[in-house]
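Below is one structure; the comments refer to it alone.
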Amino acid sequence: MRGLLNAELPQGVDLFVPQTTLVQRKEGIVPATTRDSFASPSLVSAGGVMAAFAEGHMDAEYQGGQLSKPFSSDVVAGYS
1 MRGLLNAELP QGVDLFVPQT TLVQRKEGIV PATTRDSFAS PSLVSAGGVM
51 AAFAEGHMDA EYQGGQLSKP FSSDVVAGYS
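So the sequence shown is residues 1 to 80, counted in UniProt numbering.
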């Protein structure tokens with residue numbers, strides 16, 4: 001068979017992994033923390049820079065029937 005090319009398939013990369021991916025706040029004051037889940041991931045490329053965005057969620061926690069940590073959600077981004 002003529003004209004066949006051997007091409008390597010791109011390898012997958014895990015970008016937003018719950019309880020693993022460290023997230024640093026914009027201010028950089030608080031130590032980096034993980035998120036309980038991520039939603040709506042997006043990947044964009046412009047001008048040679050690739051960026052990934054997702055919504056990072058931290059679940060609410062209760063102690064003794066009282067809310068000790070409210071649910072929170074923020075935009076998470078990384079670039080290469």
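Each residue gets a CB set at the ideal place from its N, CA and C atoms; glycine is no exception.
All of these numbers come straight from a predicted model, not from anything done at the bench.
What's the C-alpha gap between residue i and residue j?
| i | j | result |
| --- | --- | --- |
| threonine 34 | serine 73 | 12 Å |
| valine 49 | tyrosine 79 | 7 Å |
| phenylalanine 53 | valine 75 | 7 Å |
| valine 44 | glycine 65 | 42 Å |
| serine 37 | leucine 5 | 40 Å |
| valine 30 | glutamine 24 | 8 Å |
Pick out whichever of the options has its Cα sitting closest to the Cα of residue i.
| i | options | result |
| --- | --- | --- |
| serine 40 | Leu5, Asn6, His57 and Gly64 | His57 |
| glutamine 19 | Asp59, Pro70 and Ala77 | Asp59 |
| glutamate 55 | Asn6, Ala46, Glu61 and Phe71 | Phe71 |
Would you decide whether residue i is buried or exposed? Buried here means 16 or more other CB atoms lie within 10 Å of its CB.
| i | result |
| --- | --- |
| phenylalanine 16 | buried |
Between residue i and residue j, how many whole angstroms is the CB-CB distance? I'm expecting something under 8 Å.
| i | j | result |
| --- | --- | --- |
| leucine 22 | alanine 7 | Not confirmed; about 34 Å, so no contact. |
Which whole runs of the alpha helix (DSSP H) in the stretch 7 to 75 are 4 residues long or more, in chain order? none
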